[in-house]
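In this note's numbering, the protein residues as written are 941 to 1171.
Don't be surprised by glycine CBs; every beta carbon is placed ideally from N, CA and C.
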Ligand code: IPD
């Protein structure tokens, strides 16, 4: 659905200085919700566009129905759908789909993750001078202020820094070795939940810290597990 509507004019539900909310985000979550809760009627769903289902359930789907919304709005073909499943709070499944490149990452606890049926692993770069590092700035003055010093530091020490506008794809790219690390402050759980299990099952390391200054937001540092970022 998001691929089919990519070239069409988009309805904007809300606009802020560094973000837009599109009607297609809501339609995508509605479709995902219907498909999941039709199949698993007892489960809960926690998504960027709202909370649905039985919140007492031990099973909770964590959904970003369109990650990279600003890219989508500006017709930059770099965005994805990210879905994770938590059981008693632990992430046990993660899928990320890039509909423009038809790339599907899948992870399940205890198994090797895949990209389009091929097993994947993180990269082996240990030296920051050889690393490609994605640094996100999220979408508020606070997160930009927190991220800029990190970007300034990394851009001088890494081979290249990237700022591509989809946290979930950043995580997927670390999992399959395209990126060596991804760093962002002030991210939401739905942006990183599926990528988290992808990176861990692909041999990498993910550190997530709740931000006391930004309720419901997290700092994330995801690496291939051997890279010394010297943050
Ligand atoms: C955003 C993207 C962006 C990141 C923001 C996220 P959204 O998600 O992942 O790369 O910098 O922090 O909120 O709003 O497009 O789903």
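DSSP state of residue i mapped onto helix, strand, coil
i            : result
residue 948  : coil
residue 967  : helix
residue 1060 : coil
residue 953  : strand
residue 1135 : helix
residue 1167 : coil
residue 1144 : coil
Distance cut-off 7 Å: residue i Cβ against heavy atoms of the ligand IPD
i            : result
residue 1002 : no
residue 1105 : yes
residue 1131 : yes
residue 1076 : yes
residue 1010 : yes
residue 1138 : no
residue 1108 : yes
residue 1124 : yes
residue 945  : no
residue 1007 : yes
residue 959  : yes
Beta-carbon gap between residue i and residue j smaller than 8 Å
i            : j            : result
residue 1049 : residue 1032 : yes
residue 1120 : residue 1159 : no
residue 999  : residue 962  : no
residue 1126 : residue 1151 : yes
residue 1139 : residue 1146 : yes
residue 971  : residue 1068 : no
residue 1174 : residue 1093 : Missing from the structure shown is residue 1174; the chain here goes from 941 to 1171 and no further.
residue 1037 : residue 1074 : no
residue 1070 : residue 1099 : yes
Contacting residues, own chain, Cβ-Cβ under 6 Å from residue i (five flanking each side not counted)
i           : result
residue 966 : 989
Any C-beta of chain D under 8 Å from that of residue i
i            : result
residue 1150 : Among the chains of the structure shown, chain D does not appear; only one protein chain is present.
CB-CB length for residue i against residue j, believed under 8 Å
i            : j            : result
residue 1002 : residue 1129 : 6 Å
residue 1021 : residue 968  : 7 Å
residue 960  : residue 952  : 6 Å
Sequence-distant residues of its chain with Cβ nearer than 8 Å to residue i (five each side left out)
i            : result
residue 1056 : 1042, 1043, 1044
residue 1059 : 1052, 1053
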